[in-house]
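> In the numbering used here, the protein residues as written are 15 to 271. Cβ coordinates follow ideal geometry from the N, Cα and C atoms, glycine included. This structure is a prediction, so every number in the text was calculated from the model and none was measured. The structure under discussion is supplied below as structure tokens; questions concerning it will follow.
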């Protein structure tokens with residue numbers, strides 16, 4: 015059985031909804047003509063209703079918190095839609111209106127809408143607190159495992175393509191750094207939507223880990239040459255780490271930073 019990619023997808027999903035999309039909304043990124051929402055749980059609601067709920071609110075089909083109960087294909091499709099919102103490939107206003115309509119919050123129900131929105135926000139706030147506690151417990155578990163293995167000798171020169179199947183001997187990555195400042199800078203920079211996607215995905219590669227141009231391009235559904243070009247024009251080196259992307263044979267490939 016192939017190793018699960020769920021932890022990687024879950025991390026990307028949370029980063030996208032909790033930081034990247036809200037940062038783009040706060041900055042009024044021109045990729046969307048209008049940003050009708052600005053907070054993380056609203057982005058999650060819209061994406062989950064579209065991908066998971068489809069014709070009903072997502073909570074009627076999936077337990078909370080969503081990131082712990084989605085399948086890999088569901089997470090991949092949710093992440094893809096999130097990047098489409100970031101790129102301006104889909105209309106966020108239309109998606110939001112459709113999501114609200116599933117909850118009976120369209121025109122003609124304004125008297126009930128504020129109460130329902132408040133109720134939904136209270137419920138989502140409770141879920142975020144529960145998710146935060148779960149993440150804290152997960153982080154504590156990771157830290158304990160790291161302390162127990164701190165003196166373990168690492169294999170020299172091992173390369174793990176982070177967006178592909180990892181080697182069985184690869185250790186779990188260290189807890190990620192706070193990428194919020196760099197994700198905000200990426201969202202605000204004058205790069206193309208595709209370049210922003212590449213740089214945002216690059217932020218998901220943890221310190222001490224590596225990926226390849228082929229793996230990153232497959233993850234982004236793009237050609238390796240386009241990914242390499244985007245990385246060569248990375249204005250945030252070394253904090254947005256081009257040096258963690260190698261050629262398939264382990265060389266530095268197209269990186270020139």
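(1) Check the C-beta distance from residue 95 over to residue 23 and give it rounded, since I have them as a contact under 8 angstroms.
(2) Under a three-way DSSP split, which group does residue 104 fall into?
(3) Taking all protein chains shown into account, decide if residue 77 is buried (16 or more other Cβ within 10 angstroms of its Cβ) or exposed.
(4) If you measure between the beta carbons of residue 99 and residue 35, is that distance less than 8 angstroms?
(5) Taking residue 86 as the reference, which of 210, 25, 31 and 107 has the closest Cα?
(6) Could you please give me the residues that DSSP links to residue 225 through a beta bridge?
(7) Within 10 angstroms of the Cβ of residue 70, are there 16 or more other Cβ atoms? Answer buried if so, exposed if not.
(8) Start and end of the alpha helix (DSSP H) containing residue 74?
(9) Taking DSSP as the reference, what is the three-state secondary structure of residue 168?
(10) With H, G and I counted as helix, E and B as strand and the rest as coil, what does DSSP make of residue 41?
(11) To the nearest angstrom, how far is it from the Cα of residue 218 to the Cα of residue 75?
(12) Out of curiosity, what's the CA-to-CA distance linking residue 126 and residue 118?
(13) Rounded to whole angstroms, what's the CA-CA distance from residue 211 to residue 234? Just pull it up for me.
(14) Report all residues from its chain with a CB closer than 7 angstroms to the CB of residue 231; omit the five preceding and five following residues, and keep chain order.
(15) Apart from the five residues on each side of it in sequence, which residues of its chain come closer than 7 angstroms, Cβ to Cβ, to residue 102?
(16) From residue 48 to residue 84, what does the alpha carbon distance come to, in whole angstroms?
Taking the geometry as given:
(1) Going by Cβ atoms, the distance from residue 95 to residue 23 rounds to 13 angstroms, so no, they are not a contact pair.
(2) coil
(3) exposed
(4) yes
(5) 25
(6) 259
(7) exposed
(8) Careful: residue 74 lies outside any alpha helix (DSSP H) and carries neither H nor E.
(9) For residue 168, the pLDDT reaches just 35, beneath the cut-off of 50, and the residue's location in the model is therefore unreliable, although a value from the coordinates is still provided. Reduced to three states, the DSSP call for residue 168 is coil.
(10) coil
(11) 29 angstroms
(12) With a pLDDT of only 45 at residue 126, under the threshold of 50, the placement of this residue in the model should not be trusted, and no figure is reported.
(13) 8 angstroms
(14) 237, 238 and 241
(15) 45, 46 and 207
(16) 29 angstroms
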